[in-house]
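These notes concern the structure reproduced below.
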Amino acid sequence: MRRIIISIDGHSSTGKSTVAKQMAAELGYAYIDSGAMYRSVTLYAKEQGLIKENILQKEALLKALPEIKINFSWDKGVNKTLLNGRDVSELIRSMEISESVSLVATLPEVRAKMVEIQRSFGVKGGVVMDGRDIGSVVFPEAELKLFMTASAEVRAQRRYAELLASGQEVSYQAVLDNLQSRDTMDSQRAVSPLIVPEGAIIIDNSEMNPSDQFNMILQLAKDRIYRRV
Ligand code: DC
Numbered sequence: 158m159r160r161i162i163i164s165i166d167g168h169s170s171t172g173k174s175t176v177a178k179q180m181a182a183e184l185g186y187a188y189i190d191s192g193a194m195y196r197s198v199t200l201y202a203k204e205q206g207l208i209k210e211n212i213l214q215k216e217a218l219l220k221a222l223p224e225i226k227i228n229f230s231w232d233k234g235v236n237k238t239l240l241n242g243r244d245v246s247e248l249i250r251s252m253e254i255s256e257s258v259s260l261v262a263t264l265p266e267v268r269a270k271m272v273e274i275q276r277s278f279g280v281k282g283g284v285v286m287d288g289r290d291i292g293s294v295v296f297p298e299a300e301l302k303l304f305m306t307a308s309a310e311v312r313a314q315r316r317y318a319e320l321l322a323s324g325q326e327v328s329y330q331a332v333l334d335n336l337q338s339r340d341t342m343d344s345q346r347a348v349s350p351l352i353v354p355e356g357a358i359i360i361d362n363s364e365m366n367p368s369d370q371f372n373m374i375l376q377l378a379k380d381r382i383y384r385r386v
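Whatever position you read off the sequence shown (first residue = 1), add 157 for my numbering.
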């Protein structure tokens, strides 16, 4: 049975990672969260004092790039992001990182390094990867490309509930503002902007139930695995 590449791009907080993890588990594929990689570089920059008051010392970060090693581990079904061997899975989800990540994700040198690592994960197929440029830049040849979207209000409400559940004190308005400014930065940046990749299937899940969405995507994947389309 052939092992395909599935790219899942789209707006922030559209449930890309949830469905990507479910698909990977169902098919026995690897799941790669490319956003976690940009978040990890941002955390590194913060911890090294290279981002202050939302200003990034670009040259210093580029110099430090070879020191940054990002890996993933799968431990009893739980996905972990490792930054230089340290588990940073939770740290990279904070609002503080979300607010600065666009500074890092707009740098072409950082993107080139991330894309190289991402492609190395896909050489044997059998990968589900989510992000913003996976179907357009990282794997334009992916057998199944999805582009997920939903209204900004629905997405902010979902993210707000997640942050509250993880004990972070934030307002709904701050979450909505952050999400909308990331949408703008993601879509308007010069390098690898968020676009609907050629050949991608657009899924607006504002009013879609998660299990219907999963079954639909699984069917799309099976059609390609068994070459029915
Ligand atoms: O998916 P996420 O919210 O964890 O991604 C964090 C940020 O990283 C997001 O604001 C955009 C950026 N990103 C990117 O530029 N390219 C990717 N392939 C994935 C994420």
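Even for Gly, the Cβ is constructed at its ideal location relative to N, Cα and C.
When DSSP labels each residue in this structure, what does residue 286 get in the three-state scheme?
Taking the sequence shown and counting its residues from 1, the one referred to as residue 286 is at position 129. Residue 286 falls in the strand class under three-state DSSP.
Report the rounded CA-to-CA distance for residue 353 versus residue 166, giving the unit in angstroms.
Sequence index remark: in the sequence shown, residue 353 carries index 196 (1-based). Sequence index remark: in the sequence shown, residue 166 carries index 9 (1-based). The straight-line gap from Cα to Cα measures roughly 8 Å.
Could you pull the DSSP bridge partners for residue 306 from this structure?
Numbered from its first residue, the sequence shown carries residue 306 at position 149. According to DSSP, residue 306 bridges with 361.
Stretch pair the region 223-231 + the region 239-247: three plus CB contacts closer than 8 Å:
yes
Please name the residue, chosen from 162, 164 and 176, that lies closest to residue 372 on a Cα-to-Cα basis.
Position 215 of the sequence shown holds residue 372. Nearest C-alpha to residue 372: 176.
Look at residue 173 and residue 287 and say whether their C-beta atoms are less than 7 Å apart.
By 1-based counting over the sequence shown, the position of residue 173 is 16. By 1-based counting over the sequence shown, the position of residue 287 is 130. Their beta carbons are under 7 Å apart, which means residue 173 touches residue 287 by this criterion.
At a cut of 8 Å, does the region 330-347 reach the region 249-259 through at least three beta carbon pairs?
yes
Cα separation between residue 380 and residue 180?
For the purposes of this step, residue 380 is identified with residue 223 of the sequence shown, where counting begins at 1. For the purposes of this step, residue 180 is identified with residue 23 of the sequence shown, where counting begins at 1. Whole-angstrom Cα-Cα distance: 14 Å.
If you reduce the DSSP assignment to three classes, tell me which class residue 312 lands in.
Here residue 312 refers to the residue found at position 155 of the sequence shown. Looking at residue 312 - three-state DSSP - the assignment turns out to be helix.
Can you name, in chain order, every residue of its own chain whose Cβ lies under 8 Å from the Cβ of residue 295, other than the five neighbours on each side?
Residue mapping note: residue 295 aligns to position 138 of the sequence shown, counting from 1. 164, 191, 272, 275, 276, 279, 286 and 288, listed in sequence order.
In the DSSP assignment, the alpha helix (DSSP H) including residue 201 goes from what residue to what residue?
Residue 201 sits at position 44 when you count from the first residue of the sequence shown. 191-204 is the extent of the alpha helix (DSSP H) around residue 201.
Following a CB-centred definition, is residue 317 positioned closer than 6 Å to any heavy atom of ligand 1?
As a first step, residue 317 must be located in the sequence shown, where it is residue number 160. Every heavy atom of ligand 1 is 6 Å or more from the Cβ of residue 317, so no.
From 333, 293 and 325, pick the residue whose C-alpha is nearest to that of residue 308; which is it?
As a first step, residue 308 is located in the sequence shown; it is residue number 151 there, counting from the start. Nearest C-alpha to residue 308: 333.
Do the region 299-317 and the region 260-269 meet, that is, are 3 or more Cβ pairs less than 8 Å apart?
no
Let me make sure I understand the geometry here. Which of 186, 168, 158 and 384 has the alpha-carbon closest to that of residue 283?
As a working note, residue 283 is residue 126 in the sequence shown. For the residues 186, 168, 158 and 384, the minimum Cα distance to residue 283 belongs to 186.
I want to see whether chain B comes within less than 7 Å of residue 215, judged by CB atoms only; does it?
Among the chains in the structure shown there is no chain B, since it carries only a single protein chain.
Every unbroken alpha helix (DSSP H) inside the region 320-376 [4 residues or more]
329-345
Any heavy atom of ligand 1 closer than 6 Å to the Cβ of residue 258?
What you label residue 258 is simply residue 101 of the sequence shown in a count that begins at 1. Yes.
Shortest alpha-carbon distance to residue 330 belongs to which of 252, 324 and 201?
Against the sequence shown, residue 330 aligns to sequence position 173. The shortest C-alpha separation from residue 330 is found at 252.
Alpha-carbon spacing of residue 303 relative to residue 347, whole angstroms:
As a working note, residue 303 is residue 146 in the sequence shown. As a working note, residue 347 is residue 190 in the sequence shown. Rounded to the nearest angstrom, the two C-alpha atoms are 22 Å apart.
Following a CB-centred definition, is residue 312 positioned closer than 6 Å to any heavy atom of ligand 1?
The sequence position of residue 312 within the sequence shown is 155, counting from 1. No, Cβ of residue 312 sits at least 6 Å from all heavy atoms of ligand 1.
Would you mind working out which of 193, 300 and 211 sits nearest residue 244, comparing C-alpha positions?
Position 87 of the sequence shown, counted from the start, is the residue given in the question as residue 244. Nearest C-alpha to residue 244: 193.
Cross-strand partners of residue 229 (DSSP beta bridge):
The residue you call residue 229 lines up with position 72 of the sequence shown. Looking at the DSSP assignment, residue 229 forms a beta bridge with 238.
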